[in-house]
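Written out below as structure tokens is the structure these notes cover.
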Amino acid sequence: CMRIGLAQLRLENMENNVRKALDLLKKSKADVVVFPELFNTGYNLENIRRSNPKFIIEVSKKTRAIIIAGMPEKGYNTAFVIYRGKILGRHRKTKLFPLLREHEIFKAGRVVKPIETPFGLFGIMICYELRFPEIARKLVKKGAKVLFVIAQFPSTRIEHWKVLLRARAIENQVFVVGVNCVNGHCGGHSMIIDPLGKVLKELGECEAYEEVDINLEYVNEIRKRYPFLNRTE
């Protein structure tokens with residue numbers, strides 16, 4: 147089993163965001179703790195300029211958990227996968243959100259590949275990328291059995307978030323972990339969904355932290371029972 151912690155944070159100023167994350171990691175009993183997109187800075191340009199991932203790399207030395215966290219890095223909107231003081235890998239957001247004019251803030255990443263961890267291959271996606279099923283499928287074809295989607299998904303389209311997370315799970319027969327933030331416009335509803343599309347946990351619209359156990363062997367079981375990914379046409 148793998149225990150996943152959903153860190154649905156209310157984004158405030160950068161100091162508070164960092165403090166809440168560090169406090170949470172000290173108390174967590176999860177194997178993997180997932181924070182939202184740009185969880186330390188939000189889209190605040192001043193915060194983005196002075197952001198540095200070193201603080202979470204340092205704290206990871208004192209926790210047993212793999213940390214998945216969205217932070218700005220070298221001009222990219224990046225998701226880090228960190229374990230015991232080491233960056234196991236990073237995913238730089240490949241699809242920048244046009245309604246936010248995100249291309250004026252960040253460069254687009256170019257690589258989509260799973261990241262090797264002690265629990266196997268993790269597929270990482272960031273917010274707007276959830277709307278592109280080919281990204282999820284590419285990660286699954288390369289071996290990911292769980293997809294992590296970190297986001298700042300708005301309340302006004304939160305039903306899209308719920309449906310798209312379930313769709314990515316069902317069509318790829320994988321676990322999907324979606325972690326959203328809550329603030330003035332983001333709508334929460336972080337979720338864990340199993341390979342049949344069943345919602346194992348859904349948080350509400352307030353700041354919250356929950357841990358859920360999943361068994362990745364269930365992915366193999368479902369794919370054997372329903373060999374939909376084996377089609378050759």
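Residue numbers (our numbering): 147 to 379.
Heads up, the beta-carbon is just placed ideally off N, CA and C, and yes, glycines get one too.
Status (buried if at least 16 other CB within 10 Å, exposed otherwise) for Lys239: As a working mapping, residue 239 is identified with position 93 in the sequence shown. Classification for Lys239: buried.
Contact check, Met148 vs Phe265, beta carbons under 7 angstroms: In the sequence shown, counting from the first residue as 1, residue 148 sits at position 2. In the sequence shown, counting from the first residue as 1, residue 265 sits at position 119. Result yes, Cβ atoms of Met148 and Phe265 sit closer than 7 angstroms.
Enumerate in chain order the residues of its own chain whose CB-to-CB distance from Arg371 is below 6 angstroms, with the five nearest sequence positions on each side excluded. On the sequence shown, residue 371 is found 225 positions in, with the first residue counted as 1. Once the five neighbours on either side are set aside, Arg371 has no close Cβ partner at all.
Alpha-carbon spacing of Gln298 relative to Arg195, whole angstroms: By 1-based counting over the sequence shown, the position of residue 298 is 152. By 1-based counting over the sequence shown, the position of residue 195 is 49. Distance from the CA of Gln298 to the CA of Arg195, rounded to the nearest whole angstrom, comes to 19 angstroms.
Enumerate in chain order the residues of its own chain whose CB-to-CB distance from Asn361 is below 8 angstroms, with the five nearest sequence positions on each side excluded. In the sequence shown, residue 361 corresponds to position 215, counting from 1. Closer than 8 angstroms at the Cβ level, and outside the excluded window around Asn361, lie Cys147, Met148.
Please report the distance separating the alpha-carbon of Ala354 from that of Arg314. The count along the sequence shown starts at 1 and reaches residue 354 at position 208. The count along the sequence shown starts at 1 and reaches residue 314 at position 168. The straight-line gap from Cα to Cα measures roughly 24 angstroms.
DSSP three-state label for Ile251, please. For the purposes of this step, residue 251 is taken as residue 105 along the sequence shown, with counting starting at 1. For Ile251, the secondary structure class from DSSP, reduced to helix, strand or coil, is coil.
Nonlocal neighbours in the same chain, by C-beta distance under 7 angstroms from Leu285, ignoring five residues either side: Taking the first residue of the sequence shown as 1, we reach residue 285 at position 139. Annotation for Leu285: Val258, Pro260, Gly269, Leu293 place their beta carbon closer than 7 angstroms to its own, counting only its chain and skipping 5 residues before and after.
What does the alpha-carbon distance come out to for the pair Ala282 and Asp169? For the purposes of this step, residue 282 is identified with residue 136 of the sequence shown, where counting begins at 1. For the purposes of this step, residue 169 is identified with residue 23 of the sequence shown, where counting begins at 1. Rounded to whole angstroms, Ala282 to Asp169 spans 32 angstroms at the Cα level.
Drop a sphere of 10 angstroms on the beta-carbon of Ala254, count the other beta-carbons inside from all chains shown, and report buried for 16 or more, exposed for fewer. If you number the sequence shown from 1, residue 254 lands on position 108. Answer is exposed; the Cβ neighbour count stays below 16.
Suppose only complete runs of 3+ residues qualify. What are the beta strand (DSSP E) ranges in the segment 167-194, listed by chain order? Uninterrupted beta strand (DSSP E) stretches at least 3 residues long and entirely within the segment 167-194 occur at 178-180, given in chain order.
Let me confirm a value: Cys332 is counted as buried when at least 16 other C-beta atoms fall within 10 Å, else exposed. Which label applies? Working through the sequence shown from its first residue, we reach residue 332 at position 186. With 16 or more other Cβ atoms within 10 Å, it is buried.
Supposed close pair Val322, Ile304 - CB separation, criterion 8 angstroms: Within the sequence shown, numbered from 1, the residue matching residue 322 stands at position 176. Within the sequence shown, numbered from 1, the residue matching residue 304 stands at position 158. Rounded, the Cβ-Cβ distance is 16 angstroms, inconsistent with contact.
From the DSSP output, in three-state form, read off Glu351 for me. Taking the first residue of the sequence shown as position 1, residue 351 is located at position 205. Coil, per DSSP.
Applying the 10 Å Cβ sphere with the 16-neighbour rule, what's the burial state of Val309? Here residue 309 refers to the residue found at position 163 when the sequence shown is read from its first residue. Taking every protein chain shown into account, the CB of Val309 has fewer than 16 other CB atoms within 10 angstroms, so this residue is exposed.
Can you grab the Cα-Cα spacing for the pair Glu161 / Ser174, in whole Å? Counted from its first residue, the sequence shown places residue 161 at position 15. Counted from its first residue, the sequence shown places residue 174 at position 28. Near 20 angstroms, if we compare the C-alpha coordinates of Ser174 and Glu161.
Decide if Asp177 is buried, meaning its Cβ has at least 16 other Cβ atoms within 10 Å, or exposed. Start at 1 with the first residue of the sequence shown, and residue 177 comes out as number 31. It is buried - the Cβ of Asp177 has at least 16 other Cβ atoms within 10 Å.
Quick one: which unbroken alpha helix (DSSP H) runs of 4-plus residues sit fully inside the segment 293-369? Chain order, please. Listed in chain order, they are 304-318.
Measure the beta-carbon distance from Lys291 to Val320 and round it to whole angstroms, keeping in mind my assumption that it falls under 8 angstroms. Here residue 291 refers to the residue found at position 145 when the sequence shown is read from its first residue. Here residue 320 refers to the residue found at position 174 when the sequence shown is read from its first residue. Their Cβ separation, rounded to whole angstroms, is 6 angstroms, which keeps Lys291 and Val320 in contact under 8 angstroms.
Have a look at Lys207 and Tyr189 and give me their C-alpha separation to the nearest angstrom. Locating residue 207 in the sequence shown gives position 61, counting from the first residue. Locating residue 189 in the sequence shown gives position 43, counting from the first residue. If you take the alpha carbons of Lys207 and Tyr189, they lie about 28 angstroms apart.
Would you identify the three-state DSSP class for Asn223, choosing helix, strand or coil? Taking the first residue of the sequence shown as position 1, residue 223 is located at position 77. In this structure, Asn223 counts as strand in the three-state DSSP scheme.
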